[in-house]
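*Asks:* Numbering (the working numbering), first residue to last: 2 to 439.
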C-alpha cells in the first residue's frame, strides 16, 4: 500500500488496472474461489481462499496468506466494487487497503443484523452450472443498473443458468429466461448492513451446483444494447414515429429533489430541512416546482398546439387540471410502475431533475431534458439510460442548469420537436453506413 494514501479514499483516484480474470465477465466462486491478487499485508501472491460470504450488497472472500499468516476479508470485484476492493483483517477489521470505499467503518456494519431478511428461492429451470448476479443495494438506481446486466449473461452464456439475487420490490423487472431468482424481503434502507441471514441462505444453495461464477454487475452498463422491454414488458418510443405522432412530454415531479428557480430558494429549502420543517413549509417549494412545470407546458403549447403532457411522481395528484394527465400517487406498486412506463414510452421527451428516478423514463422515452444540479456534475449521465450510439445522443439528451427558468426548458423542448427532421437528415440519413439510429 502506498503510505501517502493511508486512510484516504477518493472515488476519482487511480485504482489500478483492475482484477486479473481469465474471463472479464466472470469472477470464479466455486469450485475454486478467485485469488489472483497479492496479499494486502505483505504482497505475497495468491493468498489461500478460505470461504466466500454473501453479506448483502457486498460479496466477500476470506483469505489466509501463506507467507505472513494474515487472514483477511476482501471484496470480490463485482457491482460497485469492481475496481475498488476493500480488504480488512477478519478479527480486528483493520483496513489493509484504504484506496477503496471503507464501507466496513460505516455504523450500519458495526453489528450483524438479527434475524435479518428472509430470502425466497424461485426455480424456473434447473442448471448445475450457474452465474450469480447480485443486485442488492441501498440505492434504487444501483439495483436497477446492476439488474440491466442480466441481458448480457442471458444472451452470451446460454449454456449457463443465470441466478439473480434481487430485492422483492424489483422482482417484477427480472427478465424472462433466468434460471432462478433469490428474492430478498428487504427495503432499500435496510440493505446497507452485514446480513448473516442472506449468507446462510446462499451457502445452503451453493452445494447444489457443480460450477458457480459471479456476474460482474457493472454499475454503468452500455444501455444502447439493452432491450428495456425484456425488463418492463413495455416497448420504448419508436424513433421512426417521432415526427408522425403528436408531441407528448412527461414530467417527472419529485418532492425530495426539487427544481429551484434561484440559489436563495435552494438554500432556504435546505435550511427548513435542517429545522425539521420540510413537511410544512417545504410544501411551498413543491408548489413552486409545479408552477414552473405548468409554465413550461403553457409555453410549449403556444408553440406546438397539438402537444400533450403527463406528470408522474411519488406525490399527491392535483394542480394540473386542464393541462396534463396527472399520474402522481403516494402509493407505489407494480401496476403504477407499469402505468408510468407506458407514459414514458409514448413520450417524445421526459423532463426531470437529475436522479436515479430518470433511469426508467429515459429507457422508454425518445429524449430527455434534465435539470442538473451543480453538485451532481460528477454524476453526469449516470441516471440516463442512453438509447443511441450515434449523434442523436447530442440532440435528444439535453442538460440545463439547476436554476434554469421555464422558458429555457420550453425552448429546448420546442427545438427537439421542430428541428428533429433536419438534424436526423443531416447526421443520420446523409452519411455513410446504415441510415437509421442504432
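The beta-carbon is built from N, C-alpha and C at its ideal position, and this holds for glycine as well. Because the structure is a prediction, the values reported are computed rather than measured.
Could you round the C-beta distance between residue 36 and residue 64 to whole angstroms and report it? I think they count as a contact, below 8 Å.
*Replies:* 6 Å between Cβ atoms; contact.
*Asks:* Looking at C-alpha atoms only, which residue of 278, 82, 135 and 187 is the closest neighbour of residue 116?
*Replies:* Per the Cα distances, 187.
*Asks:* Go ahead and pull the three-state DSSP assignment for residue 205.
*Replies:* Here residue 205 sits in helix by DSSP.
*Asks:* Can you grab the Cα-Cα spacing for the pair residue 21 / residue 301, in whole Å?
*Replies:* If I take the Cα positions, the gap works out to 53 Å.
*Asks:* With DSSP as the reference, please indicate the residues paired to residue 402 in a beta bridge.
*Replies:* Bridge partners of residue 402: 373.
*Asks:* Report the partner residues of residue 1 according to the DSSP bridge assignment.
*Replies:* Nothing about residue 1 can be read from this structure; the chain reaches only from 2 to 439.
*Asks:* Going along the chain, which unbroken runs of the beta strand (DSSP E) with 3 or more residues stay wholly within the region 333-376?
*Replies:* Whole beta strand (DSSP E) segments, 3+ residues: 350-354 and 368-373.
*Asks:* Does any residue of chain C bring its CB to less than 8 Å from the CB of residue 417?
*Replies:* The structure shown contains no chain C; it is built from a single protein chain.
*Asks:* For residue 109, which three-state DSSP category applies?
*Replies:* In this structure, residue 109 counts as helix in the three-state DSSP scheme.
*Asks:* What is the rounded straight-line gap between the Cα of residue 38 and the Cα of residue 47?
*Replies:* Approximately 6 Å between the Cα atoms of the pair.
*Asks:* Taking the alpha helix (DSSP H) that residue 285 belongs to, which residues open and close that run?
*Replies:* It spans 283-304 - the alpha helix (DSSP H) in which residue 285 sits, taken as one unbroken run.
*Asks:* Let me know if residue 161 comes out buried or exposed under the rule of 16 or more other beta-carbons within 10 Å of its beta-carbon.
*Replies:* With 16 or more Cβ atoms within 10 Å of its Cβ, residue 161 is classed as buried.
*Asks:* Counting only the same chain and skipping the five closest in sequence on each side, list residues whose C-beta sits under 7 Å from that of residue 420.
*Replies:* Nothing listed; no residue qualifies.
*Asks:* Measure the C-alpha to C-alpha separation of residue 318 and residue 330 and round it to an integer number of angstroms.
*Replies:* Each residue's Cα considered, the two are about 6 Å apart.
*Asks:* Going by DSSP in three states, residue 99 sits in which element: helix, strand or coil?
*Replies:* Note: residue 99 maps to coil in three-state DSSP.
*Asks:* For residue 40, does the count of other Cβ atoms within 10 angstroms reach 16, so buried, or fall short, so exposed?
*Replies:* Burial call: buried.
*Asks:* Ordered along the chain, which non-local residues of its own chain (more than five positions away) have a Cβ less than 7 Å from that of residue 410?
*Replies:* 297, 352, 370 and 401, listed in sequence order.
*Asks:* Opposite residue 54 in the DSSP bridges: which residues?
*Replies:* Looking at the DSSP assignment, residue 54 forms a beta bridge with 61.
*Asks:* Could you say which of 367, 58 and 126 lies nearest to residue 193 if we only look at CA atoms?
*Replies:* Ranking the options by Cα distance to residue 193, first place goes to 58.
*Asks:* For residue 195, tell me which candidate among 395, 380, 355 and 108 has the shortest Cα-Cα distance.
*Replies:* Ranking the options by Cα distance to residue 195, first place goes to 108.
*Asks:* Which parts of the region 166-196 are runs of the beta strand (DSSP E), unbroken and 3 residues or longer, counting only runs that do not cross its ends?
*Replies:* Qualifying beta strand (DSSP E) stretches, in chain order: 181-185.
*Asks:* Go to residue 151, then tell me how far its beta strand (DSSP E) extends in each direction, as first and last residue.
*Replies:* It is not in any beta strand (DSSP E) - residue 151 instead sits in the alpha helix (DSSP H) that spans 151-157.
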